[in-house]
Amino acid sequence: MIISYKYKFIFIKTQKTAGTSIEVYLSKHCGKNDILTPINPHVAPHLARNYKAIWNPFPEIVENKGLRLKSTLKKVLKQNKFYNHIPARTIKNRISKKTWNDYFKFCVERNPWDKTLSHYYYINAKSGKNITFDQYLDGGKFCLNYPKYTDPNFNLMVNKVIEYGSLNVELTRIFKKLGVPFGGTLSVRAKSEYRKDRRPYQQIITKKQRQIIEKAFAKEIEMHGYKF
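Heads up, this note's numbering is the position in the sequence shown plus 59, with the first residue counted as 1.
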């Protein structure tokens, strides 16, 4: 997650959508007072900064009706005001109304079949258990992104949802609008080494697997009009 006072934008980081690569790139251009949350594991030359601070958590605890209470209080004790993959609604509660309203807010989304394959390879590599894709799907722990950029009524909280498939084209437009230097492509592809099978997802996913993913990501498919 990035809040740039220098360029007046808020970047909401979603899962398996080149978010880390974008953070690494922007880290080189953001100002010293901008807020950049840590990346785990760290990817050079990214430099996290200004994400720790004290804040009043009670308004959002009331708003969330006590949900995630322990997690919120733990972050308060550690002064982790901002963190990796923090949802837009939480960011809104922790910054000024003027900053939220005035800054350009954006994120990236990816079609669920390709995103799920990428997430599977990442989880499989990190777990070291060598699980099959079917076992991953049976676990039901999918990388749903829409809660990070929508409110409880599924309304968008960002100005732009970039489509992963046209990432460089859309980043070029946005960075030009914001005044961020950009040569047309990101200089790093972080965490891309986990996916071993580079075939198109249509050649990998079976009909049954496709249906499981479509059911799990029904809201994102509806919101963005994704087609297999």
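All C-beta atoms, glycine included, are put in the ideal place defined by N, C-alpha and C.
Just verifying my parser: in three-state terms, what is the DSSP assignment at residue i?
i: V220; result: strand
i: A136; result: Per the sequence shown, the amino acid found at residue 136 is Leu instead of Ala. Helix.
i: S130; result: helix
i: S246; result: coil
i: S225; result: helix
i: F70; result: strand
i: V167; result: strand
i: K111; result: strand
i: L85; result: helix
Find the nearest neighbour of residue i within the set the options, judged by alpha-carbon distance.
i: P100; options: S80, K91, E281; result: S80
i: N109; options: A103, K91, N123; result: K91
i: N204; options: D93, K65, K278; result: K278
i: F201; options: N214, Y180, F213; result: Y180
i: T73; options: R127, T158, E168; result: E168
i: H144; options: F70, A103, F213, K137; result: F70
i: R248; options: D256, I150, N227; result: N227
i: I106; options: F141, S86, P118; result: Here residue 106 turns out to be Leu, not Ile, going by the sequence shown. Answer by Cα proximity: S86.
i: K236; options: I62, F68, I61; result: F68
i: T265; options: K134, W172, S63; result: W172
Assign residue i to one of two classes, buried (16 or more other C-beta atoms within 10 Å of its C-beta) or exposed (fewer than that).
i: V83; result: buried
i: K207; result: buried
i: L95; result: buried
i: A103; result: exposed
i: N218; result: exposed
Query raised in the report: Looking at C-beta atoms only, is the number of pairs between the region 163-173 and the region 102-117 that lie closer than 8 Å three or more?
Result: Verdict: no, contact absent.
Query - At least three beta-carbon pairs within less than 8 Å, the region 117-126 to the region 67-83 - result: no
Query raised in the report: Can at least three beta-carbon pairs, one atom from the region 278-286 and one from the region 182-197, be found at a separation below 8 Å?
Result: no
Query - Contact between the region 149-157 and the region 222-238 (3+ Cβ pairs under 8 Å) - result: no
Requested in this report: Count the C-beta pairs between the region 128-135 and the region 173-189 that are closer than 8 Å, then say yes if the count reaches three, no if not.
Outcome: no
Report task. Return the chain-ordered ranges of every alpha helix (DSSP H) run that is complete within the region 170-239 and spans a minimum of 4 residues. Result -> 171-186, 192-198, 205-208, 226-237
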